[in-house]
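The sequence shown lines up with residues 334 to 368 when you count with our numbering. Where is the CB? At the ideal position from N, CA and C, for every residue including glycine. Quick caveat: nothing in here was measured; it's all calculated off a predicted structure.
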Amino acid sequence: MRNETRCIQNVFAISAEEIFSVVASRLFLSFYTSC
Numbered sequence: 334m335r336n337e338t339r340c341i342q343n344v345f346a347i348s349a350e351e352i353f354s355v356v357a358s359r360l361f362l363s364f365y366t367s368c
């Protein structure tokens, strides 16, 4: 159980970082294109 929870937490953390990077890149691109 502990190993499974760790794997789930790692996957969730990676997905969160990927989503954050994508959102940040989109916001930057939108702001750059608007200017």
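Straight-line gap, residue i to residue j (C-alpha atoms, nearest Å)
{"i": "Thr-369", "j": "Ile-347", "result": "In the structure as shown, the chain begins at 334 and stops at 368. Residue 369 is therefore absent and cannot be evaluated."}
{"i": "Ile-341", "j": "Ser-363", "result": "32 Å"}
{"i": "Ser-358", "j": "Asn-343", "result": "22 Å"}
{"i": "Ser-354", "j": "Ser-367", "result": "20 Å"}
{"i": "Asn-336", "j": "Ala-349", "result": "20 Å"}
{"i": "Glu-351", "j": "Leu-360", "result": "14 Å"}
Own chain residues within Cβ distance below 8 Å of residue i, not counting five before or after
{"i": "Phe-345", "result": "none"}
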